[in-house]
Amino acid sequence: MNCQIKIKIPSDIGSVVCPNRWILVSGEIKSDEELPKDTLFECGIYDQDGKLLRRTFSSIKSNTNIDVYRKDFTCYPEELDPGREKLLKEGFAELIYEDPKDKEGSIHKASIKAWYSDNSFRTIIGGPTDTAHGAIFNDGLKLVSDDGEALSSLPLGSYKIVVSLKSNDGKLLAEDSKDIKIGIKNDAVICRFNPIEHRRAIEAWAEKMGFGMVNDPVAGYQDPYIKAKDGSMLWLYHMGLLTMYRANDICLYTDGKVHMFVYMMDETSTSYRTELAFLESRNEVGNPDRFKAWRYDIGEAIVGEGTEFERHGKIVPFDESLHIYRIDAVDDAKENSYNLKGIGVKKSFYAEMQGFRLPAGEKIAITGVLRPYQLEPSDFKLKDNNEYDIANYPEKLVYTFRSIKPLDGQNPSGSISEPGGSVERKLGMLRYKDGPLEGSVFEFYNIFEIPKDYSGKSFEIQIEAFDKKGCKTPCKNSIIAEFY
Numbered sequence: 507m508n509c510q511i512k513i514k515i516p517s518d519i520g521s522v523v524c525p526n527r528w529i530l531v532s533g534e535i536k537s538d539e540e541l542p543k544d545t546l547f548e549c550g551i552y553d554q555d556g557k558l559l560r561r562t563f564s565s566i567k568s569n570t571n572i573d574v575y576r577k578d579f580t581c582y583p584e585e586l587d588p589g590r591e592k593l594l595k596e597g598f599a600e601l602i603y604e605d606p607k608d609k610e611g612s613i614h615k616a617s618i619k620a621w622y623s624d625n626s627f628r629t630i631i632g633g634p635t636d637t638a639h640g641a642i643f644n645d646g647l648k649l650v651s652d653d654g655e656a657l658s659s660l661p662l663g664s665y666k667i668v669v670s671l672k673s674n675d676g677k678l679l680a681e682d683s684k685d686i687k688i689g690i691k692n693d694a695v696i697c698r699f700n701p702i703e704h705r706r707a708i709e710a711w712a713e714k715m716g717f718g719m720v721n722d723p724v725a726g727y728q729d730p731y732i733k734a735k736d737g738s739m740l741w742l743y744h745m746g747l748l749t750m751y752r753a754n755d756i757c758l759y760t761d762g763k764v765h766m767f768v769y770m771m772d773e774t775s776t777s778y779r780t781e782l783a784f785l786e787s788r789n790e791v792g793n794p795d796r797f798k799a800w801r802y803d804i805g806e807a808i809v810g811e812g813t814e815f816e817r818h819g820k821i822v823p824f825d826e827s828l829h830i831y832r833i834d835a836v837d838d839a840k841e842n843s844y845n846l847k848g849i850g851v852k853k854s855f856y857a858e859m860q861g862f863r864l865p866a867g868e869k870i871a872i873t874g875v876l877r878p879y880q881l882e883p884s885d886f887k888l889k890d891n892n893e894y895d896i897a898n899y900p901e902k903l904v905y906t907f908r909s910i911k912p913l914d915g916q917n918p919s920g921s922i923s924e925p926g927g928s929v930e931r932k933l934g935m936l937r938y939k940d941g942p943l944e945g946s947v948f949e950f951y952n953i954f955e956i957p958k959d960y961s962g963k964s965f966e967i968q969i970e971a972f973d974k975k976g977c978k979t980p981c982k983n984s985i986i987a988e989f990y
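Using the working numbering, count along the sequence shown one by one with no gaps and you end on 990.
Written out as structure tokens, the structure is:
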């Protein structure tokens, strides 16, 4: 038999692993004939002296003893994967159990968390399972060694991961190895990955800046495995053993400096409910040595694609607490909703030296973003699933329009009528493409109707953010708008 095994994860980029994290090891198997059903797959992690520290194994090819209906496991809806048959063929090592008559009682042994087929393998190895033994969060799976003891964190240093396939008589069929380091990353990124234009931009930026990102899959996470109609993998929501995933994900953000890219921070996302909330709970968002926020200068990776006003966004740090991306002249637009294809947008306007020059007699959408700020740490309570209950957050904006060039008969320093005076608007933004994407708690797209007789008039527009408790936040800014 001619057989090969190849480690794909950890990748070369992911070969530096954060402390206290379970290491997901996966890859491909190639053979000129089917593997015997009792082929032994093994994965070991060794220290620099060649000492075996952790081992996982399986002698059951395409093992289906996987608790795919475990209550804390999230997957595709039943109609897309009846009986989870497709998942069982995909393999999810984290939920392998030994005894079909006692799934829960036999699921906790760390050494059995290995799965292989004729063409792939997946295993997890090396990490602690609870805070008492070094984990930042409890992972919910309570994995133990073969003698029933909880596993502790592996210390910082260099290690070698070795995977192998052996016949039932002990003959080595294939082997591969990967050198890794367990170490602290000085710069880590909190960001979202949709849509694809944004993902390309953020990955190129992070690579250029030398920032650490979670590019490799994380233990506990199940990547999409069903294709959509367009041939891409169908992403509906985060899937997997999400409590464990969050416990491993958070390890990237416990040390060093965290760079948060504020774009499509959905209120249900791990970025918002776990990663940022974790920093808020530790009173670290206001510490410039621990936290820095970034944004697009115009709100998107690209605006007006294929039109005469196409423009590409630049990634820049926040230099104010509330930034106005641009102002769109719109016709068929909805409050706090923006279509990435530009549907409903007639033209986009950007700040000039003296502010914005905008058409009167049009609907305009003022769009922008808030920089995350430090809230009361006590407003963030960690739940058993490793998300936080968040008791306070920025919730609304108050716009105040004041005339600079007054309307006839009005005092130049006074407030003016609608759209003048103070107007409350909801904070939040939902993006669309072919359908709705995700929301963003820190962004906004607020629409105002500008009368025709405002032509030739100028206004100072002040925008202030208030939190859920009705208190002013540090987030405010003002712009000058001249109408023509």
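Glycine included, every Cβ here is placed at the ideal spot set by N, Cα and C.
- In this structure, DSSP gives Ala725 a state outside helix and strand, which the three-state scheme calls coil.
- Per DSSP, His704 lies in no beta strand (DSSP E) segment; the continuous alpha helix (DSSP H) that holds it begins and ends at 702-715.
- Per DSSP, Arg590 lies in no alpha helix (DSSP H) and is assigned neither H nor E.
- In the structure shown, the three-state DSSP call for Ser537 is strand.
- A straight-line Cα-Cα distance of about 6 Å links Leu678 and Leu671.
- 7 Å or more divides the Cβ of Ile953 from the Cβ of Glu966.
- Contact between Leu936 and Ser843 is confirmed by a C-beta separation of about 5 Å, below the 8 Å threshold.
- Spatial neighbours of Gly762 in its own chain (CB-CB distance under 7 Å, excluding positions within 5 residues in sequence) are listed in chain order as Ile690, Lys691, Asn692, Asp693, Ala694.
- Sequence-distant partners of Val768 (beyond 5 residues in either direction) whose C-beta falls short of 6 Å from its own C-beta, in its chain, are Ala799, Arg801, Val875, Phe948.
- If you draw a 10 Å sphere on the C-beta of Val522, you find fewer than 16 other C-beta atoms in it, and that means exposed.
- Counting along the chain, the unbroken alpha helix (DSSP H) around Ala783 starts and ends at 783-787.
- In the structure shown, Arg779 falls within a helical segment according to DSSP collapsed to helix, strand and coil.
- Residue range 763-767 is occupied by the beta strand (DSSP E) that includes Met766.
- Assignment of beta strand (DSSP E) within the region 868-956, counting only whole runs of 3 or more residues, yields 869-876, 886-888, 894-896, 900-911, 927-932, 935-938, 942-946, 949-955 in chain order.
- A residue is called buried once 16 or more other Cβ atoms fall within 10 Å of its Cβ, and Gln554, having fewer, is exposed.
- When Gln968, Tyr951, Ala897 are compared, the shortest CA-CA separation from Ser909 is found for Gln968.
- With respect to the 7 Å criterion, Glu781 and Tyr759 are classified as neighbours on the basis of their beta carbons.
- Apart from sequence neighbours up to five positions away, the residues of its chain that approach Asp838 with a beta-carbon distance below 6 Å are Gly850, ordered along the chain.
- Put simply, the backbone Cα of Ala680 is about 48 Å away from that of His818.
- Distances from the CA of Ala897 to each of Phe563, Gly976, Asn508 were compared; the closest alpha carbon is that of Gly976.
- With respect to Tyr879, Leu888 sits apart: the two C-beta atoms are not nearer than 7 Å.
- Listed in chain order, the non-local C-beta contacts of Ala599 below 7 Å within the same chain comprise Lys619, Ala620, Trp621, Arg628, Thr629, Ile630, local neighbours out to five positions each way being set aside.
- Between Glu970 and Leu881, the C-beta spacing is not below 7 Å.
- For Ile642, the three-state secondary structure derived from DSSP is coil.
- A distance below 7 Å between beta-carbons, with the five flanking residues on each side excluded, links Gly861 to the following residues of its chain, in chain order: Ile985, Ile986, Ala987, Glu988.
- The C-beta of Glu826 has fewer than 16 other C-beta atoms within 10 Å across all chains shown, which makes the residue exposed.
- In the DSSP assignment, Leu559 falls within the unbroken beta strand (DSSP E) covering 558-564.
- Considering only Asp755, Pro883, Gly737, the residue with the shortest C-alpha distance to Val791 is Pro883.
- Within the region 635-702, the complete beta strand (DSSP E) segments at least 3 residues long are 663-672, 678-688, 693-696, listed from N- to C-terminus.
- If you check the CB distance, Ser617 and Arg561 come in under 7 Å.
- Taking the Cα positions, Thr635 is about 43 Å away from Tyr831.
- Per DSSP, Tyr751 lies in no beta strand (DSSP E); the unbroken alpha helix (DSSP H) holding it starts and ends at 748-755.
- Bounds of the beta strand (DSSP E) holding Ile821 are 821-823.
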